[in-house]
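The structure appears right after this line, and notes come after that.
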């Protein structure tokens, strides 16, 4: 053990090293995340159309404009429904895949790779396959071919006079991300002591009881992490919506998640309204914070700690 | 715990069916890339192209109007630079946050974790403004620099370093190595698993990035492969074989990285942060 004096010198040199190691990241984080964040907050209070510098202070007018804008509100509303749907569905599917793999002994690594591999595919390419092949509105689309084969009418999947496009978007997102969350669940499952299952089995607990009383409670930390990540990802949806629905004729008025809506008013050909765009991203951040807070409270119910 | 045989059979049947479903999109890309336009749009579904048509690959790569080759170069430069810089910056920061627990490190950690919750778009508007006033639009700098400070990567490294045995560093310190040397000679070589995991995630994320390159690459010469593929879909006149050949070309690099580093990726996820 070094003496008190040596300890102080060590602490001082450690402090210096801490800043040396952290500085590049911290400076970048401040310059490219926190400064923009505050800038965005400031910009949201200004009229800034077609310009990168705020011109006229308008207070909360941008917020008032957005909150009375039907299109923005409906994009927010529709999207909360999307998040409330996609989070539990992906959660359940990835947990089910992880549990399925637990039952498989031979070829487990092979199946794990197959379920995981879509993680490497971009939303752009997945959107291409979904829009141009699986859910093509024309007769040669795979799903329509199957529908016709069983005597149904082909569906105009992305046509907009119905809500079928949700099916396209949800299935695409499931394919792309379910494998990643499955890996997280597998990691969580592997940390459960097998003796607990043996003890439960000795007590005569069936498969369902073992899952409900052993697996599920012990999986709580993973469950919390997975559902938070899913929620953030749901609210950040842009790529697949944009690429699935944007055509040569432009983006259709329906199925605009908030980010697509804000992209169109901020960077789209028209007004380049950076003030309103910034106000929109602030509202969205607030919604995400509220949802993650609620989700945390919800998941904390019944927690031991 | 031994599941009953019937349960095992059911599990294998379910896994095989799901595996086929998960692989189907990859098959569709390959099938359409090697088919003719007529074969694809024919209402009679074909599992296998009537005649394998390999000419599209050469014509897509050779057509300067499509810009696939420069887009691949751009994507490669951006992804490699972004991955290397992100890994170095986050590796150092993550180590410092795990090793020295002071009030300052708690504040930095708090700033990092909060960033994870902020949608990228929030910072994209002013960052775009900043990048354009720096004159970085349509440049590699503009594509790379704003996105290399990854809260996610730093957090992953920090979690990975939490269990790192201090004895190794102390042994090096006794041998007279300073903190810097110890870090690069002793700590980093022992953390290659996490480096590979974070590097893979960063590379795939960079290769597949869409929104930021879409905003920054205004000069067509600076477009990345994802932006080019996206514009394929919206341009008039749908040429399916060309489009899917483009997708095939665009998917291969990320897939190769993934296949070779998947083991590390899984291990890294299992050991680090998300537990």
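Residue numbers (full-length UniProt numbering), protein chains in the order written: chain A, 1 to 305; chain B, 1 to 275.
Just so you know, even glycine gets a beta-carbon here, dropped at the ideal spot from N, CA and C.
Within the region 168 to 233 of chain B, the runs of alpha helix (DSSP H) that reach at least 4 residues and sit entirely inside it are, in chain order, 179 to 182, 192 to 208 and 211 to 216. Assigned with DSSP and collapsed to three states, residue 275 of chain A falls in helix.
Counting only unbroken stretches of 4 or more residues, the alpha helix (DSSP H) elements lying wholly within the region 201 to 234 of chain A are 207 to 210, in sequence order.
Around the CB of residue 240 of chain A, 16 or more other CB atoms lie within 10 Å, so the residue is classed as buried. Residue contact with chain B for residue 292 of chain A: present (Cβ-Cβ distance below 8 Å to some residue of chain B). With respect to the C-alpha of residue 91 of chain A, the residue from A:226, A:15 and A:193 having the closest C-alpha is A:226.
Fully enclosed alpha helix (DSSP H) runs of no fewer than 4 residues occupy 108 to 116 and 123 to 129 of the region 97 to 141 of chain A, in order along the chain. Under the three-state reduction of DSSP output, residue 61 of chain A falls in the helix class. Only 111, 112, 113, 114, 115, 116, 117, 118, 119, 120, 121, 122 and 123 from the region 111 to 123 of chain A bring a Cβ to less than 9 Å from some Cβ of chain B. By a beta-carbon distance limit of 8 Å, residue 198 of chain B contacts residue 87 of chain B. Their separation comes to about 6 Å.
Residue 224 of chain B has its alpha-carbon roughly 17 Å from the corresponding atom of residue 62 of chain B.
Residue B:10 holds the alpha-carbon nearest to the alpha-carbon of residue 103 of chain A among B:10, B:117, B:269 and B:186. The beta-carbon separation of residue 70 of chain B and residue 267 of chain B, rounded to 36 Å, does not stay under the 8 Å limit for a contact. Residue 249 of chain B is outside the set of residues whose beta carbon lies under 8 Å from a beta carbon in chain A. Sequence-ordered contacts of the region 241 to 267 of chain A with chain B read 243, 246, 247, 248, 259, 262, 266 and 267 [C-beta pairs closer than 7 Å]. Not a single C-beta of chain B is nearer than 8 Å to the C-beta of residue 62 of chain A. Shown here for residue 184 of chain A: same chain residues with a beta carbon closer than 7 Å to its own, the five before and five after excluded, namely 222, 225 and 226 in chain order. Put simply, the backbone Cα of residue 265 of chain A is about 6 Å away from that of residue 273 of chain A. Apart from the 5 residues on each side of it in sequence, residue 108 of chain A sits with its Cβ closer than 8 Å to the Cβ of 101 in its chain, given in chain order. Under the 8 Å Cβ criterion, the region 126 to 142 of chain A does not count as touching the region 198 to 210 of chain A, having fewer than three qualifying pairs. The alpha-carbon of residue 31 of chain B is positioned some 10 Å away from that of residue 25 of chain B.
Spatial neighbours of residue 40 of chain B in its own chain (CB-CB distance under 8 Å, excluding positions within 5 residues in sequence) are listed in chain order as 32, 240 and 241. Linking residue 246 of chain A to residue 39 of chain A through their CA atoms gives a straight-line distance of about 30 Å. Its Cα nearest to that of residue 259 of chain A, the residue A:276 stands out among A:298, A:149 and A:276. With a cutoff of 8 Å on beta-carbon distance, residue 126 of chain B and residue 288 of chain A are scored as not near each other.
Distance from the CA atom of residue 55 of chain A to the CA atom of residue 72 of chain A, rounded to whole angstroms, is 24 Å. With fewer than 16 other beta carbons inside 10 angstroms of its own, residue 171 of chain B counts as exposed. Residue range 103 to 117 is occupied by the alpha helix (DSSP H) that includes residue 103 of chain B. DSSP, reduced to helix, strand and coil, places residue 99 of chain B within a helical segment of the structure shown.
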